[in-house]
Amino acid sequence: FFESVKGIDHPIVLHIHTIKGKGLSYAEANHEGWHSGGPFNVEDGSPKGGGWVSDNTVFESLKELLDNNDKAVVLNAGTPMGLGFVPGVREEYVERGQFIDVGIAEENAVAMSSGIAKNGGTPVFGTFAPFFQRTYDQMSHDLCLNDNPATFLVLMPGVYGMNTNTHIALCDIQMFAHIPNLIYLAPTSKEEYQQMFKFATTQKEHPVGIRVPGMLSVTGVPDTTDYSDYNKNKVEKQGSKVAIIAVGPMLQMAIDTEKKLKEETGMEITVINPRFLTGLDEALLNSLKTDHQLVITLEDGELIGGYGQNVASFYGDSTMKVKNVGISKEFHTDFNPVELLAENGMSVEKLTAYIKENVNE
56 FFESVKGIDH PIVLHIHTIK GKGLSYAEAN HEGWHSGGPF NVEDGSPKGG GWVSDNTVFE
116 SLKELLDNND KAVVLNAGTP MGLGFVPGVR EEYVERGQFI DVGIAEENAV AMSSGIAKNG
176 GTPVFGTFAP FFQRTYDQMS HDLCLNDNPA TFLVLMPGVY GMNTNTHIAL CDIQMFAHIP
236 NLIYLAPTSK EEYQQMFKFA TTQKEHPVGI RVPGMLSVTG VPDTTDYSDY NKNKVEKQGS
296 KVAIIAVGPM LQMAIDTEKK LKEETGMEIT VINPRFLTGL DEALLNSLKT DHQLVITLED
356 GELIGGYGQN VASFYGDSTM KVKNVGISKE FHTDFNPVEL LAENGMSVEK LTAYIKENVN
416 E
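Numbered per my numbering, the sequence shown spans residues 56 to 416.
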């Protein structure tokens, strides 16, 4: 085709119909299953490991919503498997008008969600975090300007998501945490996610986004938080001198750092789970001024313009020392999450050493 048109003197459109998985029989037979994946054995397509493995947390929450709310609608943009709506499952909800796949048109999904919410429905749009960057205009002007109560599931953001430079989402906090009216939540566990989802899909005040990382811990203890108490942080461990405020999946590192410091120095520090990324718990931050010297923020996204710098700005006219720790401003690719975090100062050992060097006993 290209040879036949390369010498023409007028515009032309080549519509090339490709076959996904061409040459691999098992891929041609299962286009959706081979949309993406990790290393595999060429002989039979069996996985070698290293691919993304999801539990049913997101799907279970969506299924329960659809089965109990006939005004609920789940929207998707060409990646239904990310929400658990695989073939054999989604057909029932399509027939009921409760599952809509708009194709690779995330902008349309956001605008449609806004309209559904405006008319009394309960829309939930979920897709992988890198694809939400296409929706900024609609998130701001179609949805948040109108303050319509739609829910958005931002799947696999940060370093524990995808790891190639065309499919990373290290700036989701920068994009969404500063849009007026939007509430952006960061669960650290399956239980927190479940309670946040319940809050998001039952309240009718604001649009809500939930930052669903590629790894969620399981505590076994139901979360009973009232998330309508906006910007209220959770103190996981009360101490003094140092406070670590850790976003989402970074909470475990903060807890492990607290334990290591106590073992090595006897120092007991404060660990805080912010949960809300669209505002600060000013009462809590002010209270730290009385018996803390240092506040450290941890986030698994880009440092510049992130959550931590909002905390630093809050303390700007005080004597509180603030250390923001996050990912450097680069197009990172093919990275190991643990190694990338460590390169940017996020490991238990590096945090422990920093605190020892910068806090007066």
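Ideal Cβ positions, reconstructed from N, Cα and C, are used throughout, including at glycine.
Pairwise C-alpha distance: glutamine 364 and glycine 106: As a first step, residue 106 must be located in the sequence shown, where it is residue number 51. As a first step, residue 364 must be located in the sequence shown, where it is residue number 309. Note that glycine 106 scores 42 on pLDDT, short of 50, meaning its location in the model is unreliable and no value can be drawn from it.
Applying the criterion that 16 or more other CB atoms from any shown protein chain within 10 Å of the CB defines a buried residue, is proline 142 buried or exposed? One-based indexing of the sequence shown puts residue 142 at position 87. By the 10 Å Cβ count, proline 142 comes out exposed.
For threonine 312, tell me which candidate among Leu240, Lys376, Lys405, Val267 has the shortest Cα-Cα distance. Within the sequence shown, the letter at position 257 stands for residue 312. Here the closest residue by C-alpha is Lys405.
When the Cα atoms are used, what is the spatial distance from asparagine 236 to glutamine 293? On the sequence shown, position 181 is the one that residue 236 refers to. On the sequence shown, position 238 is the one that residue 293 refers to. Their Cα atoms are separated by approximately 31 angstroms.
Cβ of asparagine 227 within 8 angstroms of Cβ of asparagine 286? Here the question's residue 227 lines up with position 172 in the sequence shown. Here the question's residue 286 lines up with position 231 in the sequence shown. A small fix is needed here, since residue 227 is aspartate in this sequence, not asparagine. For aspartate 227 and asparagine 286, no; Cβs fall outside 8 angstroms.
Span of the beta strand (DSSP E) holding glutamine 348? Counted from its first residue, the sequence shown places residue 348 at position 293. That run of the beta strand (DSSP E) goes 347-357.
Would you mind working out which of Lys77, Ile324, Glu385, Ile238 sits nearest leucine 349, comparing C-alpha positions? Indexing the sequence shown from 1 puts residue 349 at position 294. Answer by Cα proximity: Ile324.
Taking only the alpha-carbon atoms, compute the straight-line gap between phenylalanine 114 and serine 402 and give it to the nearest angstrom. Residue 114 sits at position 59 when you count from the first residue of the sequence shown. Residue 402 sits at position 347 when you count from the first residue of the sequence shown. Answer to the nearest angstrom: the Cα atoms are 32 angstroms apart.
Closer than 8 angstroms by C-beta to leucine 69: which residues in its own chain qualify, once you throw out the five before and the five after it? Chain order, please. The residue you call residue 69 lines up with position 14 of the sequence shown. These residues qualify, in order along the chain: Phe56, Phe57, Val60.
Looking only at C-alpha atoms, which of Leu240, Ala309, Gly381 sits nearest to leucine 332? As a first step, residue 332 must be located in the sequence shown, where it is residue number 277. Among Leu240, Ala309, Gly381, the Cα nearest to that of leucine 332 belongs to Leu240.
Let me confirm a value: phenylalanine 386 is counted as buried when at least 16 other C-beta atoms fall within 10 Å, else exposed. Which label applies? Taking the sequence shown and counting its residues from 1, one reaches residue 386 at position 331. Phenylalanine 386 is exposed by the Cβ-count criterion.
CB of aspartate 156 within 8 angstroms of CB of asparagine 131, strictly: Mapped onto the sequence shown, residue 156 falls at position 101. Mapped onto the sequence shown, residue 131 falls at position 76. Yes, they are a contact pair.
Confirm, please, whether the CB-CB distance from valine 393 to leucine 353 is below 8 angstroms. As a first step, residue 353 is located in the sequence shown; it is residue number 298 there, counting from the start. As a first step, residue 393 is located in the sequence shown; it is residue number 338 there, counting from the start. Not in contact: leucine 353 and valine 393 (Cβ atoms no closer than 8 angstroms).
Is glutamine 293 close to chain B, meaning its C-beta is less than 8 angstroms from at least one C-beta of that chain? Here there is only one protein chain, and chain B is not present.
Please state whether DSSP places tyrosine 285 in a helix, a strand or coil. Sequence index remark: in the sequence shown, residue 285 carries index 230 (1-based). Three-state DSSP puts tyrosine 285 in coil, outside helix and strand.
May I ask you to list the residues that DSSP assigns as paired with lysine 376? Here the question's residue 376 lines up with position 321 in the sequence shown. Its beta-bridge partners are Leu349.
According to DSSP, valine 263 sits in a beta bridge with which residue or residues? Translated into positions along the sequence shown, residue 263 becomes position 208. DSSP, once it has assigned bridges, lists Thr206, Ile238 as partnering valine 263.
Using DSSP's beta-bridge definition, name the partner residues of valine 290. By one-based count along the sequence shown, residue 290 stands at place 235. Ile327.
Inter-residue spacing [alpha-carbon to alpha-carbon] between alanine 127 and glutamate 147: As a working note, residue 127 is residue 72 in the sequence shown. As a working note, residue 147 is residue 92 in the sequence shown. About 14 angstroms.
Nearest CA to the CA of tyrosine 362: which residue from Lys384, Pro185, Val302, Thr407? Against the sequence shown, residue 362 aligns to sequence position 307. Tyrosine 362 has its Cα closest to that of Val302, out of Lys384, Pro185, Val302, Thr407.
Measuring CA to CA, which of Thr388, Asn413, Glu398 is closest to histidine 222? Sequence index remark: in the sequence shown, residue 222 carries index 167 (1-based). Nearest option by C-alpha distance: Thr388.
Which of helix, strand or coil DSSP assigns to threonine 221: Against the sequence shown, residue 221 aligns to sequence position 166. Coil at threonine 221, not helix or strand.
Name the one or two DSSP bridge partners that isoleucine 299 has. One-based indexing of the sequence shown puts residue 299 at position 244. Answer is Val326, Ile351.
Kindly identify the DSSP beta-bridge partner or partners of serine 342. Position 287 of the sequence shown, counted from the start, is the residue given in the question as residue 342. BP columns for serine 342 are empty, so no partner.
Hey, threonine 271 and isoleucine 382: beta-carbon distance below 8 angstroms or not? As a first step, residue 271 is located in the sequence shown; it is residue number 216 there, counting from the start. As a first step, residue 382 is located in the sequence shown; it is residue number 327 there, counting from the start. In the sequence under discussion, the amino acid at residue 271 is leucine, which differs from the threonine named in the question. Result no, Cβ atoms of leucine 271 and isoleucine 382 do not sit closer than 8 angstroms.
Take isoleucine 238 as the anchor and find which of Ala255, Tyr248, Phe390, Glu247 has the nearest alpha-carbon. Along the sequence shown, read from residue 1 onward, the residue named residue 238 stands at position 183. Comparing Cα positions, the closest option is Ala255.
Taking Cβ positions, are tyrosine 215 and proline 304 nearer each other than 8 angstroms? Locating residue 215 in the sequence shown gives position 160, where the first residue counts as 1. Locating residue 304 in the sequence shown gives position 249, where the first residue counts as 1. Yes.
Identify, in the order they occur along the chain, each residue of the same chain with its Cβ nearer than 6 angstroms to the Cβ of glycine 400, setting aside the five sequence neighbours on each side. Your numbering for residue 400 matches position 345 in the sequence shown. Cβ within range, chain order: Val380.
What does a CB cutoff of less than 8 angstroms around alanine 397 pick up in its chain, not counting 5 residues either side in sequence? By 1-based counting over the sequence shown, the position of residue 397 is 342. Result list for alanine 397: Lys405, in chain order.
Starting from glycine 170, trace the alpha helix (DSSP H) in both directions and tell me its first and last residue. Within the sequence shown, numbered from 1, the residue matching residue 170 stands at position 115. Its alpha helix (DSSP H) spans residues 161-173.
Give the straight-line distance between the Cα atoms of lysine 296 and tyrosine 409, rounded to the nearest whole angstrom. In the sequence shown, residue 296 corresponds to position 241, counting from 1. In the sequence shown, residue 409 corresponds to position 354, counting from 1. Going from the Cα of lysine 296 to the Cα of tyrosine 409 covers about 13 angstroms.
For serine 272, which beta-bridge partners are listed by DSSP? For the purposes of this step, residue 272 is taken as residue 217 along the sequence shown, with counting starting at 1. According to DSSP, serine 272 bridges with Ser244.
Near alanine 160, which residues of its chain fall below 7 angstroms by C-beta distance, leaving aside the five closest residues on each side in sequence? What you label residue 160 is simply residue 105 of the sequence shown in a count that begins at 1. Once the five neighbours on either side are set aside, the close Cβ partners of alanine 160 are Ala132.
Please name the residue in Pro66, Thr73, Asn415, Thr112 whose C-alpha comes closest to that of lysine 245. The count along the sequence shown starts at 1 and reaches residue 245 at position 190. Nearest C-alpha to lysine 245: Thr112.
Could you tell me the alpha carbon to alpha carbon distance between methionine 322 and lysine 315, rounded to whole angstroms? For the purposes of this step, residue 322 is taken as the residue at position 267 of the sequence shown. For the purposes of this step, residue 315 is taken as the residue at position 260 of the sequence shown. Each residue's alpha carbon lies about 9 angstroms from the other.
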